[in-house]
Amino acid sequence: MRQGSLPLLLLAAAAAVAAAAVSAEPASTLPGPSRPVTVAVGDRGHAVDLPDTDPRVQRRVTGWAPEQVAVALSAAPTSAWVSWITGDFQMGGAVKPLDPSAVGSVVRYGLAADSLVHEATGESLVYSQLYPFEGLQNYTSGIIHHVRLQGLEPETRYFYQCGDPSIPDAMSAVHAFRTMPAVGPKSYPERIAVVGDLGLTYNTTSTVEHMVRNQPDMVLLLGDVCYANLYLTNGTGTDCYSCSFANSTPIHETYQPRWDYWGRYMEPVTSSIPMMVVEGNHEIEEQIHNKTFASYSSRFAFPSEESGSFSPFYYSFDAGGIHFVMLASYVDYNRSGAQYRWLEEDLVKVDRSVTPWLIAGWHAPWYTTYQAHYREAECMRVEMEELLYAYAVDVVFTGHVHAYERSNRVFNYTLDACGPVYISVGDGGNREKMATAHADDPGHCPDPASTPDPFMGGRLCAANFTTGPAAGRFCWDQQPDYSAYRESSFGHGVLEVKNDTHALWQWHRNQDLNADVAADEVYIVREPYKCLAKSTRLLAY
Numbered sequence: 020m021r022q023g024s025l026p027l028l029l030l031a032a033a034a035a036v037a038a039a040a041v042s043a044e045p046a047s048t049l050p051g052p053s054r055p056v057t058v059a060v061g062d063r064g065h066a067v068d069l070p071d072t073d074p075r076v077q078r079r080v081t082g083w084a085p086e087q088v089a090v091a092l093s094a095a096p097t098s099a100w101v102s103w104i105t106g107d108f109q110m111g112g113a114v115k116p117l118d119p120s121a122v123g124s125v126v127r128y129g130l131a132a133d134s135l136v137h138e139a140t141g142e143s144l145v146y147s148q149l150y151p152f153e154g155l156q157n158y159t160s161g162i163i164h165h166v167r168l169q170g171l172e173p174e175t176r177y178f179y180q181c182g183d184p185s186i187p188d189a190m191s192a193v194h195a196f197r198t199m200p201a202v203g204p205k206s207y208p209e210r211i212a213v214v215g216d217l218g219l220t221y222n223t224t225s226t227v228e229h230m231v232r233n234q235p236d237m238v239l240l241l242g243d244v245c246y247a248n249l250y251l252t253n254g255t256g257t258d259c260y261s262c263s264f265a266n267s268t269p270i271h272e273t274y275q276p277r278w279d280y281w282g283r284y285m286e287p288v289t290s291s292i293p294m295m296v297v298e299g300n301h302e303i304e305e306q307i308h309n310k311t312f313a314s315y316s317s318r319f320a321f322p323s324e325e326s327g328s329f330s331p332f333y334y335s336f337d338a339g340g341i342h343f344v345m346l347a348s349y350v351d352y353n354r355s356g357a358q359y360r361w362l363e364e365d366l367v368k369v370d371r372s373v374t375p376w377l378i379a380g381w382h383a384p385w386y387t388t389y390q391a392h393y394r395e396a397e398c399m400r401v402e403m404e405e406l407l408y409a410y411a412v413d414v415v416f417t418g419h420v421h422a423y424e425r426s427n428r429v430f431n432y433t434l435d436a437c438g439p440v441y442i443s444v445g446d447g448g449n450r451e452k453m454a455t456a457h458a459d460d461p462g463h464c465p466d467p468a469s470t471p472d473p474f475m476g477g478r479l480c481a482a483n484f485t486t487g488p489a490a491g492r493f494c495w496d497q498q499p500d501y502s503a504y505r506e507s508s509f510g511h512g513v514l515e516v517k518n519d520t521h522a523l524w525q526w527h528r529n530q531d532l533n534a535d536v537a538a539d540e541v542y543i544v545r546e547p548y549k550c551l552a553k554s555t556r557l558l559a560y
């Protein structure tokens, strides 16, 4: 080897390493649409339910001691909600609800565990799930408490106890949570975890443990919480309710204790990390008098009043420089309905110089190329997409499909630099047969609109399926250009908003146990000078 060759080789090797490091940097949405990528199915874990004998789901308190403690955000970082349950549920043919006034709703809080100098009080309720059919068991909950803490300092760690201090042994242990950063364009939560279809399976435990290792500041749960409606009232579960029980039961039953099991399992997370929830189809849970969503509406606290929606199904809130809008896939989204009117009023008030990022979330995806739930939410898209595009929504998170997919920026099935990035996340939250049904099974696309949509006056949303940009293009074996990345895996996502224009998105699969490994990652880049000019008017299709 000639003298000087070794240094030259070392320099070349260093340059190669540097080039590899550069190439390993996450991709960006700024250059425009990326080429569609499909990743083959890997290990999808074990979508088998945790049994009621698992100590993590059993009641660990006695008397009026609180359990299932949870924190949720209010509309602004100066306020937060604390929720919990006291007393045990009842199951049987005849159940007598507990008296909510039997125990108080009090939260003591402060800046140190031994200095809980502030106190707030709230409201309590019970709900029942009743079936007027012989042989079915009814359910009534423990006492559910919701207390709103106000006058909090942003980005501050608060310690708290909840319960009733007037009753012996009726206060919880001391928990702690951190408020969101102050509203403004210079401050953001460090990590926002995004999950959907969480359920209560062994896959759930993998997802939650992995998510916690990523140390999120808040969690978005995009519907399908515990899958209590995959059970009969006697506790018999199934992979597919309609397959097993549809012809033998007079109503779609549920086993409501699964909600309590979920709250107990999740308490170590929800008591310290604020979680914002929106409903999915498995939360409908019809009962007597055609009542629906009783458990979902009762168990969680929502910033409904603070955001002006006065509904548990759709609401908004701010976290630093982000305005979040959570929408409902399973209540009226018609343009003449209350949800649409509220959404328009909410978007009008958003000041993008204060909250540059506008992020939306709901359950059923508008843009999915999996066979499962293919274009199932097309009617909602037809009603609402134009409004979200007009106000330059940056990112949309959904669940429902039990698989992962990220889109390029898209509007009305057409690549558009000012359209949102749609990201669908999923977990193996229900049982094995349902989970594997969402694998990448090639074949023909199903008929997307074979039944009338209840929120469109019984009309079909089929016009866009046979003509125009959506005509016959989107099947699994023909990945459309709007689909940037898809992988039939379970897991959770993490969004790290870096500043008013850049956010890093990562998809963490359950099979990748190292929290630092991301199967998909991309910088989502806002271009406000290009896109916000369009946000002052609605655009026609």
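Numbering (my numbering), first residue to last: 20 to 560. Ideal Cβ positions, reconstructed from N, Cα and C, are used throughout, including at glycine.
If the five residues before and after A538 are omitted, its C-beta is found closer than 6 Å to the C-beta atoms of W526, R528, all from its own chain and listed in chain order. W83: not part of any beta strand (DSSP E); DSSP gives it neither H nor E. Taking a cut-off of 8 Å for Cβ pairs, the region 220 to 229 and the region 58 to 71 touch, as three or more such pairs fall below it. Under the rule that a run must span 4 or more residues, the alpha helix (DSSP H) segments found entirely inside the region 377 to 420 read 397 to 409. Looking only at E397, G339, Q530, the smallest Cα-Cα distance to S372 is reached by G339. For S124, there is no enclosing beta strand (DSSP E), as DSSP marks it with neither H nor E. Between the alpha carbons of D531 and H229 lies a distance of about 9 Å. T72 carries a coil assignment under DSSP once its states are collapsed to helix, strand and coil. Ranked by Cα distance from V415, the first of A320, G512, A192 is G512.
By alpha-carbon distance to Y386, the top candidate from V227, A95, Q498 is Q498. As computed with DSSP, S47 is found in a beta bridge with Y542. Residue nearest to S147 within the set S317, V369, G438 is S317 (criterion: CA-CA distance). Under the three-state reduction of DSSP, G282 is assigned to helix.
Cβ-Cβ separation between W83 and A189: approximately 4 Å, consistent with a contact (criterion under 8 Å).
Around the beta carbon of Q306, 16 or more other beta carbons sit within 10 angstroms, so the residue counts as buried. Taking a cut-off of 8 Å for Cβ pairs, the region 285 to 303 and the region 348 to 366 touch, as three or more such pairs fall below it. Under the Cβ criterion (8 Å, minimum of three pairs), the region 392 to 405 does not count as touching the region 208 to 218. Linking E404 to E272 through their CA atoms gives a straight-line distance of about 34 Å. When R277, L239, E363, T140 are compared, the shortest CA-CA separation from C245 is found for R277. Taken atom to atom, the span from the alpha-carbon of G254 to that of Y274 is near 6 Å. Contact holds between the region 116 to 125 and the region 160 to 174, because three or more Cβ pairs, one in each stretch, are under 8 Å apart. The three-state secondary structure of Q306, taken from DSSP, is coil. Annotation for E364: G327 place their beta carbon closer than 8 Å to its own, counting only its chain and skipping 5 residues before and after. In this structure, the beta-carbon distance from S335 to F343 falls below 8 Å. Y333 counts as buried, since at least 16 other C-beta atoms from the protein chains shown sit within 10 angstroms of its C-beta. Put simply, of Q109, S323, V145, V544 the residue whose alpha carbon is nearest the alpha carbon of W376 is V544.
When DSSP assignments are scanned along the region 223 to 281, the uninterrupted stretches of beta strand (DSSP E) that are 3 or more residues long and fall wholly within it turn out to be 237 to 240. For the 8 Å CB-CB criterion, D236 and R210 form a contact. A direct Cα-Cα distance of roughly 11 Å separates M399 from Q358. Counted as a single uninterrupted DSSP element, the stretch harbouring S291 is not any alpha helix (DSSP H), since DSSP gives it neither H nor E.
Just measuring C-alpha positions, the residue of D413, V227, P173 sitting nearest T198 is P173.
In this structure, the beta-carbon distance from S53 to A522 does not fall below 8 Å. Taken through DSSP and simplified to helix, strand or coil, H301 comes out as helix. In the DSSP annotation of this structure, S326 is not part of any alpha helix (DSSP H), being labelled neither H nor E.
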